[in-house]
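K.L.:
Quick one: the structure is below, and I'll ask about it shortly.
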Amino acid sequence: MEIKAGESYGFFTDTSVCIGCKACEVACKEWNQLEGNEPAFLADSFDNTGQLDAQNWRHVKFYDRVPDRSTTSGNGTAFLMMSDVCKHCQHASCMEVCPTNAIIRTEFNTVFIQQDVCNGCRNCVAACPYSVIAINQKTGTAHKCTLCYDRLQGGLEPACAKACPTQSIQFGPLSQLQQTADARLEALHSQGVTQAQLYGRDDKVYGGLNAFFLLMDKPEAYGLPNAENAVLPSRNNIGGYAGAVITAVVGVVAGLVAFRRRRMA
Amino acid sequence: MFLAAEHFVRAPDWEWFILGYFFLAGLSGGAYVIATLLRLSGDPRDEPAARLGFYTSFVLIPLCPLLLTADLGAGWWKFWHMLVNVTPGNAGLNFKYWSPMSVGVWLLLVFSIFATLSALGAWLADRRGREGPPLLGPLSVAFNVVGALAGLFLASYTGVLLSVSNQPVWSDTWTLGGLFLASGLSGAAALIALLTRYRPEAVYSLVRLRLADGYFSLLELILLIAFFVTVVNAGTGARTIATAPLWALALVGLAASLVGLRAEGRRMRPSGGGGGGAAVASVGANAILVSMLVLIGVLALRAAVIFSGQ
Ligand code: SF4
Ligand code: SF4
Numbered sequence: 038m039e040i041k042a043g044e045s046y047g048f049f050t051d052t053s054v055c056i057g058c059k060a061c062e063v064a065c066k067e068w069n070q071l072e073g074n075e076p077a078f079l080a081d082s083f084d085n086t087g088q089l090d091a092q093n094w095r096h097v098k099f100y101d102r103v104p105d106r107s108t109t110s111g112n113g114t115a116f117l118m119m120s121d122v123c124k125h126c127q128h129a130s131c132m133e134v135c136p137t138n139a140i141i142r143t144e145f146n147t148v149f150i151q152q153d154v155c156n157g158c159r160n161c162v163a164a165c166p167y168s169v170i171a172i173n174q175k176t177g178t179a180h181k182c183t184l185c186y187d188r189l190q191g192g193l194e195p196a197c198a199k200a201c202p203t204q205s206i207q208f209g210p211l212s213q214l215q216q217t218a219d220a221r222l223e224a225l226h227s228q229g230v231t232q233a234q235l236y237g238r239d240d241k242v243y244g245g246l247n248a249f250f251l252l253m254d255k256p257e258a259y260g261l262p263n264a265e266n267a268v269l270p271s272r273n274n275i276g277g278y279a280g281a282v283i284t285a286v287v288g289v290v291a292g293l294v295a296f297r298r299r300r301m302a
Numbered sequence: 009m010f011l012a013a014e015h016f017v018r019a020p021d022w023e024w025f026i027l028g029y030f031f032l033a034g035l036s037g038g039a040y041v042i043a044t045l046l047r048l049s050g051d052p053r054d055e056p057a058a059r060l061g062f063y064t065s066f067v068l069i070p071l072c073p074l075l076l077t078a079d080l081g082a083g084w085w086k087f088w089h090m091l092v093n094v095t096p097g098n099a100g101l102n103f104k105y106w107s108p109m110s111v112g113v114w115l116l117l118v119f120s121i122f123a124t125l126s127a128l129g130a131w132l133a134d135r136r137g138r139e140g141p142p143l144l145g146p147l148s149v150a151f152n153v154v155g156a157l158a159g160l161f162l163a164s165y166t167g168v169l170l171s172v173s174n175q176p177v178w179s180d181t182w183t184l185g186g187l188f189l190a191s192g193l194s195g196a197a198a199l200i201a202l203l204t205r206y207r208p209e210a211v212y213s214l215v216r217l218r219l220a221d222g223y224f225s226l227l228e229l230i231l232l233i234a235f236f237v238t239v240v241n242a243g244t245g246a247r248t249i250a251t252a253p254l255w256a257l258a259l260v261g262l263a264a265s266l267v268g269l270r271a272e273g274r275r276m277r278p279s280g281g282g283g284g285g286a287a288v289a290s291v292g293a294n295a296i297l298v299s300m301l302v303l304i305g306v307l308a309l310r311a312a313v314i315f316s317g318q
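This is the structure we're talking about:
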């Protein structure tokens with residue numbers, strides 16, 4: 038595949054075929070030279086990564102769906118698995134609040150944090166609704182998936198997509214990925230898998246996600262805000278400032294009233 | 009508007025430095041506003057207390073950037089990246105009106121200039137032993153009014169900054185900007201009242217400073233109720249339980265102001281009989297305690313908000 042500047046690229050992560058092998062996590066760490074966190078026993082099924090953070094730019098989530106009763110052969114879903122990643126949102130909360138403009142949109146329409154510009158204020162951490170960004174303890178700057186910006190510039194696909202053995206992670210031009218996702222959804226629905234749904238494929242969630250998903254349950258089950266709750270930090274500017282202005286006016290009047298009162302005695 | 013009760017967001021770990029900054033920014037901005045209002049009261053005998061307010065604001069303001077820069081993960085010297093865009097090929101100033109952190113950095117800079125010049129004016133007037141109206145008269149007051157607008161912003165934007173995020177509690181309410189402002193004004197009034205001990209002529213304004221503190225606290229109480237209503241409505245009220253001791257301290261500070269308001273209100277009535285020296289003498293005994301409780305309350309309120317959200 039030829040990777041061209043000026044075109045939109047992204048990931049289509051199809052959770053219905055994820056087998057939880059974590060090849061994506063390993064490939065990401067290897068390419069991006071991420072040391073990983075100290076190993077810890079998380080007591081959380083097969084998850085030993087725990088979260089997306091400065092050391093984990095791909096994280097395979099495991100949601101326990103082991104049925105209480107035995108089911109017929111072929112119908113026993115045990116886990117929902119999902120390789121989570123930065124969504125490279127079209128309306129990115131992190132980018133919206135960053136005061137240094139360290140977070141930029143690249144020529145591949147992905148969201149990238151410039152390490153030499155970031156000063157570690159952590160405003161983006163408070164803003165990202167997907168808990169993607171974290172501070173790297175060594176550099177003190179904000180880290181997250183770069184969508185392998187350096188590989189794209191060299192004409193290579195991202196490491197996670199290349200390593201994924203089941204094609205759960207697919208990389209490509211956004212329009213092409215969207216067509217693939219639509220066809221996959223239709224196939225699943227026609228097989229009676231009605232719970233399958235796309236997340237971030239259209240513009241209802243943050244104007245569309247460059248890294249979008251096919252889910253096997255509602256978004257909340259995967260720790261993703263639904264379309265109604267996918268809101269930008271700036272929504273609170275008007276209410277917040279209005280509250281402050283009204284308080285300022287009342288406060289100034291109250292102060293003047295207090296200071297203009299004369300002692301009557 | 010405040011729908012995002014479903015939060016899957018990471019905490020930014022804004023802790024002690026940021027708490028210190030929010031506290032001092034509230035007091036510094038608040039002190040400047042109160043000093044300006046005292047000048048606007050039209051009574052030249054309020055000028056010593058007004059100057060005290062400008063000094064207070066000036067002394068606190070340099071600590072603000074110190075705390076802010078100390079909190080930066082990548083090193084304090086990268087503070088200027090907030091002001092200047094260092095992205096290669098994209099040089100220019102950084103100003104995003106929709107990001108309170110970006111606006112706040114500029115306003116902190118602007119306010120610092122006002123605080124410095126106003127304190128300088130007060131110092132020059134003091135040095136010349138000048139009583140009554142400030143140097144340059146109405147021009148000074150006009151300058152102070154503009155500075156007070158910046159002070160109002162400084163004392164309140166920190167609350168808006170928390171709300172302009174996707175954090176639980178913080179982003180579930182519109183009240184934080186107002187709440188921080190009301191408590192900053194109340195704390196500043198209490199602080200100036202406390203400092204009148206070191207400037208006897210300023211004692212003239214003491215009773216009315218307490219009165220103003222009480223009014224600001226009433227406003228704060230209303231906003232505090234609105235805060236809990238909005239947060240409970242959004243479904244994140246339970247997150248305030250762990251910080252209950254801090255909320256309790258904030259309420260003690262509020263109560264101290266309100267008790268002060270009642271006492272001063274009585275004193276202001278003709279039948280109260282107090283005034284001038286008598287009022288001052290009786291207030292003096294409790295002044296330190298009331299002011300300290302109010303200031304602890306101002307700090308506790310900010311701590312309660314910060315630690316409820318993350
Ligand atoms: S998922 Fe988070 S970090 Fe990634 S672009 Fe969206 S807001 Fe930014
Ligand atoms: S931590 Fe870095 S990337 Fe994040 S908002 Fe601050 S300057 Fe921007």
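So the sequences go chain by chain: A and B. With positions in the first sequence counted from 1, the corresponding number in this note's numbering is that position plus 37. With positions in the second sequence counted from 1, the corresponding number in this note's numbering is that position plus 8. Glycine included, C-beta positions come from ideal geometry on N, C-alpha and C. For clarity, every value in this text was computed on a predicted model and none was experimentally measured.
Check whether the segment 74 to 86 of chain A touches the segment 226 to 240 of chain A, counting contact only when three or more Cβ pairs, one atom from each stretch, lie closer than 8 Å.
P.N.:
no
K.L.:
Please list, in chain order, all residues of the same chain as Q215(A) whose beta carbon is under 7 Å from its beta carbon, the five residues on each side excluded.
P.N.:
Correct list, in chain order: R238.
K.L.:
What does the Cβ neighbour count give for Y46(A), buried or exposed, with the cut at 16 atoms within 10 Å?
P.N.:
buried
K.L.:
Taking Cβ-Cβ distances below 7 Å as the criterion, which residues of the segment 216 to 248 of chain B are in contact with chain E?
P.N.:
In the structure shown, chain E cannot be found, because the protein chains are A and B.
K.L.:
Mind checking whether the beta-carbon of A200(A) lies closer than 7 Å to any heavy atom of ligand 1?
P.N.:
False, no ligand heavy atom lies under 7 Å from that Cβ.
K.L.:
Report yes or no: is there a C-beta of chain A within less than 8 Å of the C-beta of N93(B)?
P.N.:
yes
K.L.:
For chain A, find out if any of its Cβ atoms is closer than 8 Å to the Cβ of Y42(B); answer yes or no.
P.N.:
Per the sequence shown, residue 42(B) should be read as Ile rather than Tyr. At least one chain A Cβ lies under 8 Å of I42(B).
K.L.:
Considering only the alpha carbon of each residue, which of I283(A), K255(A) and A179(A) lies closest to W94(A)?
P.N.:
For the residues I283(A), K255(A) and A179(A), the minimum Cα distance to W94(A) belongs to A179(A).
K.L.:
Can you list, in chain order, the residues of its chain whose CB lies under 8 Å from that of V168(B), leaving out five sequence neighbours each side?
P.N.:
P108, L184 and G185
K.L.:
Distance check for T64(B) and D90(A), CA to CA, integer angstroms please.
P.N.:
42 Å
K.L.:
Let me know if P270(A) comes out buried or exposed under the rule of 16 or more other beta-carbons within 10 Å of its beta-carbon.
P.N.:
Buried: at least 16 other Cβ atoms inside 10 Å.
K.L.:
With a 10 Å radius around its C-beta and 16 neighbouring C-beta atoms as the bar for buried, classify A289(B) as buried or exposed.
P.N.:
Summary for A289(B): the model assigns pLDDT 44, below 50, so the residue's position carries little reliability, and this model does not support an answer.
K.L.:
Which first and last residues belong to the beta strand (DSSP E) in which I140(A) is found?
P.N.:
I140 to R142
K.L.:
Any idea which residues DSSP pairs P136(A) with across the strands?
P.N.:
Answer is none; P136(A) lacks a bridge partner.
K.L.:
Alpha carbon to alpha carbon, what distance is there between R272(A) and A163(A)?
P.N.:
14 Å
K.L.:
Secondary structure at K86(B), three-state DSSP: helix, strand or coil?
P.N.:
helix
K.L.:
Under a CB-based cut-off of 8 Å, is P20(B) close to chain A?
P.N.:
Yes, P20(B) counts as interfacial toward chain A.
K.L.:
With DSSP collapsed to three states, give me the class of Q92(A).
P.N.:
For Q92(A), the secondary structure class from DSSP, reduced to helix, strand or coil, is coil.
K.L.:
Within 8 Å of any Cβ in chain B, is that where the Cβ of F296(A) sits?
P.N.:
yes
K.L.:
Quick test of the definition: if touching needs 3 or more C-beta pairs under 8 Å, does the segment 286 to 293 of chain A touch the segment 186 to 204 of chain B?
P.N.:
Taking 8 Å as the limit for Cβ pairs, the verdict is that the segment 186 to 204 of chain B does touch the segment 286 to 293 of chain A.
K.L.:
L261(A) versus chain B: which residues are under 8 Å apart at the beta carbon?
P.N.:
F16
K.L.:
Show which residues of chain A have a CB atom less than 8 Å away from the CB atom of A6(B).
P.N.:
Any answer about residue 6(B) is impossible in this case: the structure gives chain B only from 9 up to 318.
K.L.:
Tell me which residues share the same chain as L307(B) and place their Cβ nearer than 7 Å to its Cβ, disregarding the 5 neighbours each side in the sequence.
P.N.:
Around L307(B): F31.
K.L.:
Name the chain B residues whose beta carbon is nearer than 9 Å to that of T176(A)?
P.N.:
G81 and A82
K.L.:
Does ligand 1 have even one heavy atom less than 7 Å from the beta-carbon of K181(A)?
P.N.:
For ligand 1, at least one heavy atom lies less than 7 Å from the Cβ of K181(A).
K.L.:
With hydrogens ignored, establish whether the beta-carbon of K241(A) is closer than 7 Å to any heavy atom of ligand 1.
P.N.:
no
K.L.:
I want to know whether the segment 54 to 64 of chain B touches the segment 132 to 142 of chain B - three or more CB-CB distances under 8 Å.
P.N.:
yes
K.L.:
In chain A, which residues lie less than 8 Å from S36(B) when you measure between Cβ atoms?
P.N.:
Within 8 Å Cβ-Cβ: nothing; S36(B) doesn't reach chain A, min ~16 Å.
K.L.:
From V17(B), Y165(B) and L257(B), pick the residue whose C-alpha is nearest to that of G280(A); which is it?
P.N.:
Y165(B)
K.L.:
Measuring only the C-alpha atoms, how far is V63(A) from Y40(B)?
P.N.:
56 Å
K.L.:
Across which residues does DSSP place N93(B) in a beta bridge pair?
P.N.:
G100(B)
K.L.:
For a test of the three-state rule: what should DSSP assign to V169(A), helix, strand or coil?
P.N.:
If DSSP states are grouped into helix, strand and coil, V169(A) belongs with coil.
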